[in-house]
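Some notes on the structure that comes next.
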Amino acid sequence: MSYEYFPGFYDRLMDSELYDEWIEFSAEFIDDSPKKVLDLACGTAEFALRLSFLGHQVTGVDLSKEMVAVAKEKVAAAEINLPILEQDMSKLALNQSFDVVTCFCDSLNYLETEQALEETIQAVSTHLEPNGLFLFDVHSVFKIDQGFKDYTYGDSDEEISTIWNSFPGEFPHSVEHELTFYILGENDTYNRVDELHKERTYPITTYENLLKKYNFTKIEVYADFGFEKPTNTSERIFFVARK
1 MSYEYFPGFY DRLMDSELYD EWIEFSAEFI DDSPKKVLDL ACGTAEFALR
51 LSFLGHQVTG VDLSKEMVAV AKEKVAAAEI NLPILEQDMS KLALNQSFDV
101 VTCFCDSLNY LETEQALEET IQAVSTHLEP NGLFLFDVHS VFKIDQGFKD
151 YTYGDSDEEI STIWNSFPGE FPHSVEHELT FYILGENDTY NRVDELHKER
201 TYPITTYENL LKKYNFTKIE VYADFGFEKP TNTSERIFFV ARK
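Under full-length UniProt numbering, the first residue of the sequence shown carries the number 1, and numbering increases by one thereafter.
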């Protein structure tokens, strides 16, 4: 997928209330004492900044150099010490360990193979302190297979118009999102930008088995930002895994 243009207006398209919900969910498991936190797939650093404002020492990692550039600008404007690094989370190599690793906004679903997912979980385990915590969410099988089936969405304002169509992907429990943006440019003309996003998920047991394989001994699973157990129609699955 391309991130040449998307990072510049990503925050405008995201629902800011979702970040509040991720913070509220995380706060149930991260106590108030300052923690060393690694935020994987940090994007524009919106979630990482909110963790920093709570007093945690946060490092952000993202694969996209364009996202990293936007994140660094935001961090500089906030005048906070929050390192932002460009790395592939499946090949993570930071030479330090953390109390908590987070990876929200279904970012693990952007890994195209189960091997990449396994490598990421292994890398997270390697970078966690003993008794360290891994918090992440993924789309459910139901969401990928049914929620995104023939999904179409459109939105517009004076500066950006969005068209979003989703189609089944080439792998089981996968989806392809075709995104088209019309962005207001100079001379009141609109520039078209197209992006293709691919996501893939797995049954809950697949994630649990990989976590167990890499020394996560206590695993809790929740659904849809709450603390109820997932059902067959839950859309977003949350994992709380302690090493």
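The beta carbon of each residue, even a glycine, is placed where N, CA and C say it ideally should be. From a predicted model like this one, the values you see are computed outputs, not experimental measurements.
Measure the C-alpha to C-alpha separation of D129 and V37 and round it to an integer number of angstroms.
-> In the sequence under discussion, the amino acid at residue 129 is Glu, which differs from the Asp named in the question. Approximately 11 Å, taken between the alpha carbons.
Of all the options D39, W164, S97, which has the alpha carbon lying nearest to the alpha carbon of F104?
-> D39
Status (buried if at least 16 other CB within 10 Å, exposed otherwise) for E159 | exposed
Could you give the C-beta distance for F98 and F216, rounded to a whole number, given that I count them as a contact under 8 Å?
-> The Cβ separation is near 14 Å, so there is no contact.
Which one of N131, G43, E186 has the shortest CA to CA distance from D106?
-> G43
How would you label V240, buried or exposed, when you count the other beta carbons within 10 angstroms and need 16 or more for buried?
-> buried
Going straight from the alpha carbon of M1 to that of G132, what length do you get?
-> Low confidence applies here, because M1 scores a pLDDT of 47, under 50, leaving its location unreliable; read the following figure in that light. Those two C-alpha atoms are separated by around 32 Å.
Helix, strand or coil for M1, going by three-state DSSP, please let me know.
-> Per-residue confidence for M1 stands at a pLDDT of 47, beneath the threshold of 50, marking its modelled position as unreliable; the derived number appears in the next sentence. M1 falls in the coil class under three-state DSSP.
Among Q96, F238, F47, nearest to E17 - alpha-carbon criterion | F47
From the DSSP output, in three-state form, read off S166 for me.
-> strand
Nearest to S52 by CA position, among P34, R242, G169, Y110, is which residue?
-> P34
Start and end of the beta strand (DSSP E) containing T59?
-> 57-62
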